[in-house]
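Enquirer: Input: one structure, supplied below.
2 protein chains.
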Amino acid sequence: MVTIYDVARHAGVSAATVSRVLNGHAKVDPALAERVTSSVAELGYRRNAVARNLRKSRTSLWAVIISDVENPFFTSMVRGVEDIALAAGYSVVLCNSDENPEKESNYIVAALTEQMAGVIISPSSNRVDDVKLLLDSGCPVVVIDRELHGLRTDTVLVDNERGAEQATAHLIDQGYRRIACIGGPRWLSTATHRYDGYRRALGTAGLSLEPSLVRFADFRERGGYDAMASLLDDGAEPDALFAANNLMTVGAMECLVQRDLAVPTDIAVVGFDTIPWADLIRPTLTTVSQPAYEVGRQAAQLLARRITKPDADATNVLLPTELQVRASSTRRISTGE
Amino acid sequence: MVTIYDVARHAGVSAATVSRVLNGHAKVDPALAERVTSSVAELGYRRNAVARNLRKSRTSLWAVIISDVENPFFTSMVRGVEDIALAAGYSVVLCNSDENPEKESNYIVAALTEQMAGVIISPSSNRVDDVKLLLDSGCPVVVIDRELHGLRTDTVLVDNERGAEQATAHLIDQGYRRIACIGGPRWLSTATHRYDGYRRALGTAGLSLEPSLVRFADFRERGGYDAMASLLDDGAEPDALFAANNLMTVGAMECLVQRDLAVPTDIAVVGFDTIPWADLIRPTLTTVSQPAYEVGRQAAQLLARRITKPDADATNVLLPTELQVRASSTRRISTGE
DNA sequence: GCGCGACGTCGTAGATGGTGACCACCCCGT
DNA sequence: ACGGGGTGGTCACCATCTACGACGTCGCGC
Numbered sequence: 005m006v007t008i009y010d011v012a013r014h015a016g017v018s019a020a021t022v023s024r025v026l027n028g029h030a031k032v033d034p035a036l037a038e039r040v041t042s043s044v045a046e047l048g049y050r051r052n053a054v055a056r057n058l059r060k061s062r063t064s065l066w067a068v069i070i071s072d073v074e075n076p077f078f079t080s081m082v083r084g085v086e087d088i089a090l091a092a093g094y095s096v097v098l099c100n101s102d103e104n105p106e107k108e109s110n111y112i113v114a115a116l117t118e119q120m121a122g123v124i125i126s127p128s129s130n131r132v133d134d135v136k137l138l139l140d141s142g143c144p145v146v147v148i149d150r151e152l153h154g155l156r157t158d159t160v161l162v163d164n165e166r167g168a169e170q171a172t173a174h175l176i177d178q179g180y181r182r183i184a185c186i187g188g189p190r191w192l193s194t195a196t197h198r199y200d201g202y203r204r205a206l207g208t209a210g211l212s213l214e215p216s217l218v219r220f221a222d223f224r225e226r227g228g229y230d231a232m233a234s235l236l237d238d239g240a241e242p243d244a245l246f247a248a249n250n251l252m253t254v255g256a257m258e259c260l261v262q263r264d265l266a267v268p269t270d271i272a273v274v275g276f277d278t279i280p281w282a283d284l285i286r287p288t289l290t291t292v293s294q295p296a297y298e299v300g301r302q303a304a305q306l307l308a309r310r311i312t313k314p315d316a317d318a319t320n321v322l323l324p325t326e327l328q329v330r331a332s333s334t335r336r337i338s339t340g341e
Numbered sequence: 005m006v007t008i009y010d011v012a013r014h015a016g017v018s019a020a021t022v023s024r025v026l027n028g029h030a031k032v033d034p035a036l037a038e039r040v041t042s043s044v045a046e047l048g049y050r051r052n053a054v055a056r057n058l059r060k061s062r063t064s065l066w067a068v069i070i071s072d073v074e075n076p077f078f079t080s081m082v083r084g085v086e087d088i089a090l091a092a093g094y095s096v097v098l099c100n101s102d103e104n105p106e107k108e109s110n111y112i113v114a115a116l117t118e119q120m121a122g123v124i125i126s127p128s129s130n131r132v133d134d135v136k137l138l139l140d141s142g143c144p145v146v147v148i149d150r151e152l153h154g155l156r157t158d159t160v161l162v163d164n165e166r167g168a169e170q171a172t173a174h175l176i177d178q179g180y181r182r183i184a185c186i187g188g189p190r191w192l193s194t195a196t197h198r199y200d201g202y203r204r205a206l207g208t209a210g211l212s213l214e215p216s217l218v219r220f221a222d223f224r225e226r227g228g229y230d231a232m233a234s235l236l237d238d239g240a241e242p243d244a245l246f247a248a249n250n251l252m253t254v255g256a257m258e259c260l261v262q263r264d265l266a267v268p269t270d271i272a273v274v275g276f277d278t279i280p281w282a283d284l285i286r287p288t289l290t291t292v293s294q295p296a297y298e299v300g301r302q303a304a305q306l307l308a309r310r311i312t313k314p315d316a317d318a319t320n321v322l323l324p325t326e327l328q329v330r331a332s333s334t335r336r337i338s339t340g341e
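Which chain is which? The protein sequence lines are A and B, in order.
Our numbering puts the first residue of the first sequence at 5, with every later residue one more than the last.
Our numbering puts the first residue of the second sequence at 5, with every later residue one more than the last.
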């Protein structure tokens with residue numbers, strides 16, 4: 005392992021001068037600088053980031069703690085973070101909490117002990133302790149996707165309520181009346197807001213909320229499948245479905261396929277969140293698409309700003325969704341007459 | 005920031021003793037250990053991983069350098085790595101090279117300067133220099149998914165040739181004769197092996213390889229779309245398609261959908277690699293599924309072994325694929341008679 | 001019973017690689 | 001000749017680990 009001292013000796017200067025050349029902070033005689041750079045090249049010196057981090061008591065790593073790597077929303081989001089982070093000279097460490105508060109907690113402690121420069125997190129629970137720990141330790145944090153009450157942090161959220169309202173209103177508009185809802189875990193703000201949007205749209209249209217048409221699942225494929233099965237088996241007789249995230253939509257669809265129910269003739273479907281290759285699924289799926297990449301970009305920008313200005317006021321960004329109407333929710337063929 | 009010295013003072017012992025208690029290496033009087041642990045708890049001490057890493061000149065991070073975060077194969081693979089890594093006390097840093105050799109090179113240098121404990125990489129090119137740099141620096145490396153010639157490293161690969169051969173043979177078996185192939189970048193071993201498998205199956209069946217039925221693209225959705233369009237526009241008149249990865253399969257399918265071609269009646273399709281929710285796509289897609297999670301698991305196990313035994317012989321794991329027959333490749337309806 | 005030796009536990013101090021404040025020196029200009 | 005600006009070296013520091021040494025205790029033997 006070649007150190008800065010080896011370079012200094014080889015170039016006939018002090019280690020401090022090598023450091024200055026490498027960091028470009030102070031002025032160095034061009035002739036010396038030249039000698040240093042050529043020595044660096046000749047010896048194949050790479051500076052030891054760990055030692056540097058220790059001295060500066062801060063690394064150049066960002067931790068991005070997401071709740072599910074296999075959910076396309078998060079991978080797309082991560083791409084957004086990455087592009088900004090790299091441009092700003094940071095590397096991104098992806099941590100997958102798997103919707104497991106304990107794993108999440110471990111990652112947060114790791115982020116602290118590893119002195120990460122900042123954290124972007126989509127909390128897997130509404131427990132505030134962990135994120136509070138980060139804040140109290142002075143670690144810059146941006147919360148994304150899910151709201152966390154009682155904390156003054158930068159956040160980048162999506163207008164879940166409005167997105168869900170539009171989706172439900174669209175179904176009502178298309179003539180559906182018995183609209184079922186498969187909601188997410190009630191402790192997640194995304195889930196409650198989407199449920200609120202669903203209720204609001206019903207209310208606006210003068211429809212009453214029927215508890216038998218509502219199920220709450222876990223934002224996973226399996227949960228969506230089971231919820232759909234339960235809706236069908238319990239005789240709720242829905243003529244449409246609003247599913248509160250992408251994976252549950254897929255699960256519900258799989259249940260419908262298995263039971264030979266036609267979409268949208270037997271049941272119309274609108275899903276929340278982008279589904280990759282939605283165009284290939286038959287029928288094509290109407291979705292409320294989220295600007296995942298943009299969520300990542302904005303979160304990264306907020307984090308970069310927070311690092312340079314730790315005491316700035318908290319910024320809360322709310323991004324709009326977009327209803328993408330496809331075949332799974334087209335107008336109901338009027339039965340009877 | 006509370007250091008080991010604060011704990012030592014609070015517990016009335018030396019910092020060395022605190023270190024010993026924390027690491028459990030040497031024997032410490034139980035009474036003292038008790039005082040130390042309670043002081044740790046009382047002061048809320050968390051050890052500084054950066055300083056620790058400097059001292060041990062090695063971190064507890066694994067870099068996983070993949071070529072596309074948005075490809076489900078890699079996310080699933082990462083899950084496999086994660087599960088093993090966490091159990092072994094390592095954290096996983098995910099790096100997305102985006103099939104870009106320059107980005108990849110940067111990540112490799114970062115892995116070295118950050119003193120990562122090991123690297124798992126799916127090389128984005130056949131350039132050997134970067135990985136050689138890691139090896140020469142004594143950094144444990146496991147190469148996955150893609151072969152790299154001239155290097156003695158642990159590898160975990162999938163039997164691409166055999167998988168492709170089975171897929172093509174299956175199409176032949178189903179009565180298709182003009183089987184097109186959309187291959188991947190010719191500098192990637194996965195691509196060449198899959199192409200070899202395609203050719204082998206043709207040869208075995210006594211069919212000749214028709215260059216007009218072959219296209220090479222970039223393993224991306226767009227590339228698959230364009231290649232399919234080109235096959236159709238150039239009058240190659242394929243009656244079936246073998247696409248060499250998941251994203252290109254999706255792209256090709258989208259092209260077929262757009263042109264109102266029926267699958268498998270007009271053209272049968274077999275894709276390589278798992279496609280999430282293949283069941284929802286109409287028709288359901290026949291695929292050669294790869295054991296992505298298992299690739300990750302085995303790679304992680306090899307890496308852990310390599311870290312403890314740096315001089316062990318290189319292990320090369322070859323995992324089998326599995327042909328999953330679905331609707332997109334069912335027997336051709338015999339035309340005419 | 002006392003002394004010596006051995007073993008075990010704990011503290012001291014140095015090492016890890018890099019940074020940057022501070023200081024010294026040199027040269028030039030006035 | 002003196003002062004100032006610019007350039008480069010010295011050294012303390014970051015937090016932790018660990019080799020080595022010292023000290024205390026216990027046991028055994030005389």
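Note that beta-carbon positions come from the ideal geometry of N, C-alpha and C, so glycine has one too.
1. Do three or more CB pairs link the stretch 77-89 of chain A to the stretch 64-82 of chain B at distances below 8 Å?
2. Considering only residues of the same chain and omitting the five flanking positions on each side of G340(A), which have a CB-CB separation below 8 Å?
3. Check whether the stretch 18-26 of chain B and the stretch 39-46 of chain B touch, using three or more Cβ-Cβ pairs below 8 Å as the test.
4. Using a Cβ cut-off of 8 Å (strictly closer), state whether D315(B) contacts chain A.
5. Quick check on the DSSP output: the beta strand (DSSP E) that includes C185(A) runs from which residue to which?
6. Find out if the Cβ-Cβ distance for the pair Q262(B), T291(B) is shorter than 8 Å.
7. Please list the partners that E258(B) has in chain A, where partner means a Cβ-to-Cβ separation under 9 Å.
8. I'd like to know if R83(A) contacts chain B, where contact means its C-beta is closer than 8 Å to some C-beta of that chain.
9. Work out the CA separation of R150(A) and N100(B) for me, nearest whole Å.
10. For H29(B), count neighbouring C-beta atoms within 10 Å of its own C-beta (all shown protein chains included) and say buried if the count is 16 or more, exposed if not.
11. Hey, is the stretch 159-174 of chain B in contact with the stretch 260-276 of chain B, meaning 3+ C-beta pairs nearer than 8 Å?
12. Kindly indicate the opening and closing residues of the beta strand (DSSP E) around L219(B).
13. Buried or exposed for G16(B), please, with buried defined as at least 16 other CB atoms from any protein chain shown within 10 angstroms of its CB.
14. Does DSSP classify E214(B) as helix, strand or coil?
15. Any idea which residues DSSP pairs A244(B) with across the strands?
16. Which residues in chain B have a C-beta closer than 7 Å to the C-beta of A114(A)? List them in chain order.
17. What residues in its chain sit with their C-beta under 6 Å from that of L206(B), if we drop five residues either side in the sequence?
18. How far does the alpha helix (DSSP H) with Q38(B) in it extend, from its first residue to its last?
19. What is the C-beta distance between S332(B) and L265(B), in whole angstroms, given that I count them as a contact (C-beta under 8 Å)?
20. Can you pull the DSSP bridge partners for Q328(A)?
21. Buried or exposed for P324(B), please, with buried defined as at least 16 other CB atoms from any protein chain shown within 10 angstroms of its CB.
22. Any beta carbon from chain B within less than 8 Å of T79(A)'s own beta carbon?
23. Quick one: Cα of E51(B) to Cα of T117(A), how far?
24. Taking T57(B) as the query, report the chain A residues whose CB atoms sit under 7 Å from its CB, ordered along the chain.
25. Look up D158(A) in the DSSP assignment and give the residues it is bridged to.
26. Just checking V54(A) against the ligand NAD - is the residue's beta carbon closer than 7 Å to any of the ligand's heavy atoms?
27. Check for me: the alpha helix (DSSP H) holding V22(A) runs from which residue to which?
28. Taking E1(A) as the reference, which of T253(A), A282(A), A244(A), D315(A) has the closest Cα?
29. Going by CA-CA distance only, name the one from L307(B), G255(B), G239(B) that's closest to L284(A).
30. Taking only three categories from DSSP, how would you classify T339(A)?
31. So the alpha helix (DSSP H) N100(A) belongs to, where does it begin and stop?
32. Report yes if the C-beta distance between P144(B) and R182(B) is below 8 Å; otherwise report no.
33. Classify Y229(A) as buried or exposed, calling it buried when 16 or more other Cβ atoms lie within 10 Å of its own Cβ.
34. Does any C-beta atom of chain B lie closer than 8 Å to the C-beta of N104(A)?
35. For R51(B), decide whether its Cβ has a neighbour in chain A, counting only Cβ atoms nearer than 8 Å.
36. Chain A beta carbons: is any one of them nearer than 8 Å to that of E74(B)?
Expert: In short:
1. yes
2. Locating residue 340(A) in the first sequence gives position 336, counting from the first residue. Note that G340(A) scores a pLDDT of 38, beneath 50, so its modelled location is shaky; the value from the coordinates is reported in the next line. Taken in chain order, the list of residues that qualify is empty.
3. yes
4. Walking along the second sequence from the start, residue 315(B) turns up at place 311. By this cut-off, D315(B) is not an interface position.
5. Counted from its first residue, the first sequence places residue 185(A) at position 181. Taken as a continuous stretch (DSSP letters only), the beta strand (DSSP E) holding C185(A) covers 183-187.
6. Against the second sequence, residue 262(B) aligns to sequence position 258. Against the second sequence, residue 291(B) aligns to sequence position 287. No. Outside cutoff.
7. Locating residue 258(B) in the second sequence gives position 254, where the first residue counts as 1. Chain A residues near E258(B): W281, D283, L284.
8. Taking the first residue of the first sequence as 1, we reach residue 83(A) at position 79. Cβ-Cβ to chain B under 8 Å: yes for R83(A).
9. Translated into positions along the second sequence, residue 100(B) becomes position 96. Translated into positions along the first sequence, residue 150(A) becomes position 146. Cα to Cα, the separation comes out at about 25 Å.
10. One-based indexing of the second sequence puts residue 29(B) at position 25. The residue in question, H29(B), is exposed, as its Cβ has fewer than 16 Cβ neighbours within 10 Å.
11. yes
12. The residue you call residue 219(B) lines up with position 215 of the second sequence. Here residue 219(B) turns out to be Arg, not Leu, going by the sequence shown. Taken as a continuous stretch (DSSP letters only), the beta strand (DSSP E) holding R219(B) covers 218-220.
13. Here residue 16(B) is taken as the residue at index 12 of the second sequence, counted from 1. So G16(B) counts as exposed.
14. Position 210 of the second sequence, counting from 1, holds the residue named residue 214(B). Of the three classes helix, strand and coil, the one that applies to E214(B) here is coil, per DSSP.
15. Residue numbering aside, residue 244(B) sits at position 240 when the second sequence is read from its first letter. The partner list for A244(B) (beta bridge, DSSP) reads I183(B), A272(B).
16. In the first sequence, counting from the first residue as 1, residue 114(A) sits at position 110. Residues of chain B passing the Cβ test: S95.
17. Reading the second sequence from its first residue, position 202 is the one you call residue 206(B). Within the same chain, L206(B) has close Cβ partners L213.
18. What you label residue 38(B) is simply residue 34 of the second sequence in a count that begins at 1. Rather than Gln, the amino acid found at residue 38(B) in this sequence is Glu. Element bounds for E38(B): 34-47.
19. Against the second sequence, residue 332(B) aligns to sequence position 328. Against the second sequence, residue 265(B) aligns to sequence position 261. The pair is not a contact, with the Cβ atoms about 12 Å apart (cut-off 8 Å).
20. Here the question's residue 328(A) lines up with position 324 in the first sequence. T291(A), per the DSSP bridge assignment.
21. Here residue 324(B) is taken as the residue at index 320 of the second sequence, counted from 1. Counting Cβ neighbours within 10 Å, P324(B) comes out exposed, since fewer than 16 surround it.
22. In the first sequence, the residue the question calls residue 79(A) occupies position 75. So, interface residue.
23. For the purposes of this step, residue 51(B) is identified with residue 47 of the second sequence, where counting begins at 1. For the purposes of this step, residue 117(A) is identified with residue 113 of the first sequence, where counting begins at 1. Per the sequence presented here, residue 51(B) reads as Arg, with Glu not at that position. About 6 Å.
24. For the purposes of this step, residue 57(B) is taken as the residue at position 53 of the second sequence. It is worth fixing the name first, because residue 57(B) is Asn in this sequence and not Thr. In chain order: V54.
25. Counted from its first residue, the first sequence places residue 158(A) at position 154. In DSSP, D158(A) forms a bridge with V146(A).
26. This structure lacks the ligand NAD, and indeed carries no ligand of any kind.
27. Within the first sequence, residue 22(A) is the residue found at index 18, counting from 1. Residues 19-27.
28. Here chain A comprises residues numbered 5 to 341, so residue 1(A) is not present and cannot be evaluated.
29. Here residue 284(A) is taken as the residue at index 280 of the first sequence, counted from 1. Of the candidates L307(B), G255(B), G239(B), the one whose C-alpha sits nearest the C-alpha of L284(A) is G255(B).
30. In the first sequence, counting from the first residue as 1, residue 339(A) sits at position 335. Per-residue confidence for T339(A) stands at a pLDDT of 48, beneath the threshold of 50, marking its modelled position as unreliable; the derived number appears in the next sentence. Residue state, collapsed to three classes: coil.
31. Residue numbering aside, residue 100(A) sits at position 96 when the first sequence is read from its first letter. It is not in any alpha helix (DSSP H) - N100(A) instead sits in the beta strand (DSSP E) that spans 95-100.
32. Here residue 144(B) refers to the residue found at position 140 of the second sequence. Here residue 182(B) refers to the residue found at position 178 of the second sequence. Cβ atoms of P144(B) and R182(B): not closer than 8 Å.
33. Position 225 of the first sequence, counted from the first residue, corresponds to residue 229(A). By the 16-neighbour rule on beta-carbons within 10 angstroms, Y229(A) is buried.
34. In the first sequence, counting from the first residue as 1, residue 104(A) sits at position 100. Look at N104(A): its C-beta is not under 8 Å from any C-beta on chain B.
35. For the purposes of this step, residue 51(B) is taken as residue 47 along the second sequence, with counting starting at 1. At least one CB atom of chain A sits nearer than 8 Å to the CB of R51(B).
36. As a position in the second sequence, residue 74(B) is number 70, starting the count at 1. E74(B) counts as touching chain A.
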